[in-house]
Amino acid sequence: MQTATRMTPGRRAYVEVPADPHQTRNRILQAIALAFVVAYPFLDLLFGWQALLAFIPMMLMITLALGLNIVVGYAGLLDLGYAAFYAIGAYAAAFFTSPNSPLASVLPGSPFAWMQDFWVSMVMAVLVAGCAGAILGAPTLRLRGDYLALVTLGFGEIVPRLVKNLEPWTKGVKGMNPIGRPYLFGCQFGVDPCEILGMKLKLGMIPYYYLTLIVGAISIFAIIRLRNSRLGRAWAAIRDDEIAAQGMGINPVTTKLWAFSLGASFSGATGAIFGAYLQTISPDQFEYSTSVIVLCMVILGGTGNIWGVMLGGLLIQSFDRIFAERLTGWVHKAGALTGDPTITAAFNSFDLLKSRLLVFGLCLVLIMNLRPQGILPNRKRRETALTDLPADDVAPDEAVMIAGAAVPTEKPR
Amino acid sequence: MTTSNASGDVVLDVTGLTKRFGGLVAVDSVDFQVRRRQIVSLIGPNGAGKTTFFNMVAGQYEPSAGRVVFDGKSLHGLRPHQITARGIGRTFQNIRLFTNETLLENVLVGMHSRLKSGPLASLLRLPSQRREEGEAREKGMALLHLVKLDQYANEAAGNLPYGMQRRLEMARALASEPQLLLLDEPTAGMNPQETVNMISLIRRVRDEFGVAVLLIEHDMQVVMGLSERVTVLNYGQKIAEGTPLDVQRNDNVIEAYLGRRHKRPEDEVADGGTH
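Listed in order, the protein sequences are those of chains A and F.
The letter at position 56 of the first sequence is residue 127 when you use my numbering, and the numbering goes up by one with no holes.
The letter at position 118 of the second sequence is residue 290 when you use my numbering, and the numbering goes up by one with no holes.
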């Protein structure tokens, strides 16, 4: 929030909204993080970290968590079936672009051939997932808390079952493969070598990295704008106190539907990229466990705070996809260094990959006990109430005089 | 008693309003009017049906019978948010602020029905949306200033002490630009100084904004000092109505609050004076 002082002549300077004291610090942190992620593929090459392939799904999962945060964090609607929208997005994109899709026999040569384009299919995936969000939202509007969670859980189970059983369209458990690739400057993502302006480049998966990054950045940008809008305030109001929110003129039905629909549409874009990146999708990628992991990322980092959600996602995903493996490798090396066969064998039996769910569970238990609001809580509230406030010592007439001068609004007719 | 509101002077016209919860009749065919810019109190012992009456006017409960006409139009079948949009603002008996949001955000939420920007306009930050937000913030700060809370604009509402929370609720209700303000026990839990200030604030809000005010109150100092008319409910029925002085002298009211005086035979003869 920026300082907005407007000193219109004849008007008091009451319009001053106090500035956020942490703004500079936050800006610096954001700039560092941004510079790091933009430069990452080059740093990865330079230092040989070889983690680029882990970073892409990681960022996709974080984008997914940001979408879920709209539903859970902003609007306060516990959604246990979020992976369903992810599946719907991925399948929608595959449906248009995959040669396995029933559309593949109809579209080429028809006036709708442009629909097979990846970018078009990505937009479609966003729209389809957004509509699916609204459709799921509709029957849950009268439900709260536990009941709502159960219905979303049901939806999360129904979608993979449907995908498995609608074989003619989805290829059932086999999944769809291959899937249309994104392209730019006549260059297909993930296909080497790639020729741009006569130069032959070996880019590997780097284009996917930047596509994911851009989609993530757009999501963050959009989410911040939504949060600070009329709709974002309505979400917060519904979350804090639905009865009071209605009393303030907020329609709970449309407000919740927007939350479900917008939250789902982010997972639509993510699903489309995910499918294209893996080149194959199947129903088991969208099971309950995916919904739970994404929900954990939201809650662990700090429900309702997008920086917290990103941090939570980063921690869980980087452990899952990078550090569990690396740590295991380091321990094995350390065992080999001792030269003692029994110690080496003992160290080699250590495998974090096998017990990563155990570690994950333990961390959840610990963090939720130590910091129930998440690592970076959405904290506008202080631990204690304001102290050292002046008593309500405004002499009535003075207050009134100021108020009379201060309210320039027209009187209601 | 009930006159037609064709005069345009009556902002709230309630006829035969009834609410039954199973066998219990919480509000029993109450007729009631509020005129523009009038301050009216609704009083009565605990359980008399005051808050139920409020909730029916605000759309939280659907009346079992009777009708509510606001500003010449029936409110029948409208949802609470639609009623707010029509011009009825309210506060709650147990303060219901959005405790995790800042003071300014609370007031901005109150403006919800007066703002128009949709999600797309907000995503694109269209000029119309930016202008609307700027004006809303300015107005929100003015309202916070009115209740002397502008210096805490960026604090979370839950951090405020009790008396200030009540004032914030008032600013939030005013943000919806109401023609009628429903205040449910606005001075409950306040100390005498805060109460005096609240009385003055309510009166000035009426004067500055031209709203009619309907309040439920237990504090007789507030009721008598502020109201132009008082209506008394007991067991869901209207037992008295009039100026504060009329109501204070009314036998039914005294009986409802203090109980019937047991009359001894010798009093029958001397009976005649009130009390």
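Glycine is no exception: its CB is placed at the ideal position from the N, C-alpha and C atoms.
- Take the alpha-carbon of Leu386 of chain A and the one of Met270 of chain A: they are about 38 Å apart.
- When C-beta distances to chain F are compared with 9 Å, the residues of the segment 300 to 319 of chain A below that value are Ser300, Arg301, Leu302, Gly303, Arg304, Ala305, Ala307, Ala308, Arg310, Asp311, Asp312, Ile314, Ala315, Ala316, Gln317, Gly318, Met319, in chain order.
- DSSP places Asn406 of chain F in no alpha helix (DSSP H) but in the uninterrupted beta strand (DSSP E) bounded by 401 to 406.
- Ranking A:Gly339, A:Gly303, A:Gly318, A:Phe418 by CA distance to the CA of Val191 of chain A puts A:Gly339 first.
- About 6 Å separates the beta carbon of Phe126 of chain A from that of Tyr280 of chain A, a gap short enough to meet the 8 Å contact definition.
- With respect to chain F, the C-beta atom of Trp378 of chain A has no partner C-beta closer than 9 Å.
- Chain A has no Cβ within less than 9 Å of the Cβ of Arg378 of chain F.
- With the criterion set as a beta carbon lying under 9 Å from some beta carbon of chain A, the members of the segment 225 to 237 of chain F are Ala230, Gly231, Gln232, in sequence order.
- Of the candidates F:Ile215, F:Ala198, F:Pro291, F:Ala230, the residue whose Cα lies closest to the Cα of Leu297 of chain A is F:Pro291.
- Taking 8 Å as the cut-off between beta carbons, none of the residues of the segment 158 to 174 of chain A comes near chain F.
- Cβ contact annotation for Arg286 of chain F (same chain, cutoff 6 Å, sequence separation greater than five): Glu349, in chain order.
- Ala293 of chain A reaches chain F at Leu295, counting residues in chain order whose Cβ is nearer than 7 Å.
- A Cβ-Cβ separation of about 12 Å leaves Glu389 of chain F out of contact with Thr403 of chain F under the 8 Å criterion.
- In the assembly as shown, Leu429 of chain A is an exposed residue. Its beta-carbon has fewer than 16 other beta-carbons within 10 Å.
- Taken in chain order, the members of the segment 285 to 311 of chain F whose beta-carbon sits within less than 7 Å of a beta-carbon on chain A are Ser285, Leu287, Ser289, Pro291, Ser294, Leu295, Arg297, Arg309, Glu310, Lys311.
- With a 10 Å radius around the Cβ and a threshold of 16 neighbouring Cβ atoms, Thr274 of chain F comes out buried.
- In summary, Val395 of chain F is buried, with 16 or more beta-carbon neighbours lying within 10 Å of its beta-carbon over all protein chains present.
- CA-CA distance, Leu332 of chain F to Asn266 of chain F, rounds to 15 Å.
- Linking Asn363 of chain F to Arg310 of chain A through their CA atoms gives a straight-line distance of about 31 Å.
- Pairing Gln388 of chain A with Gly261 of chain F, the inter-Cα distance amounts to about 47 Å.
- Spatial neighbours of Val108 of chain A in its own chain (CB-CB distance under 7 Å, excluding positions within 5 residues in sequence) are listed in chain order as Leu284.
- Within chain A, no C-beta atom comes nearer than 9 Å to that of His248 of chain F; the closest sits roughly 17 Å away.
- Chain A places a beta carbon closer than 9 Å to that of Ser348 of chain F, counting this residue as a contact.
- For Phe264 of chain F, the C-beta contacts it makes with chain A under 7 Å involve Ala315, in order along the chain.
- When C-beta distances to chain F are compared with 9 Å, every residue of the segment 414 to 428 of chain A stays at or above that value.
- The bridge partners DSSP lists for Asp356 of chain F are F:Ile388.
- Within chain F, the residues whose beta carbon sits less than 9 Å from that of Leu333 of chain A are Pro291, listed in sequence order.
- Judged by DSSP secondary structure, Asp418 of chain F falls outside any beta strand (DSSP E) and instead within the alpha helix (DSSP H) spanning 416 to 421.
- Residue state for Asp200 of chain F is assigned as strand, using DSSP reduced to three classes.
- In the three-state DSSP reduction, Ala106 of chain A falls in the helix class (H, G or I).
- Between the segment 289 to 307 of chain F and the segment 327 to 346 of chain F there are fewer than three inter-stretch CB-CB distances shorter than 8 Å, so the stretches are not counted as touching.
- Under the three-state reduction of DSSP output, Ile267 of chain F falls in the coil class, being neither helix nor strand.
- With distances taken between CA atoms, Thr224 of chain F lies nearest to F:Ala198 out of F:Ile215, F:Ala198, F:Ser236, F:Gly216.
- The alpha carbon of Ile250 of chain A has as its nearest neighbour, out of A:Leu207, A:Met186, A:Ser169, A:Val234, the alpha carbon of A:Ser169.
- For Leu297 of chain A, the C-beta contacts it makes with chain F under 7 Å involve Pro291, Ser294, Leu295, in order along the chain.
- Gln393 of chain F and Arg432 of chain F have their C-alpha atoms spaced approximately 24 Å apart.
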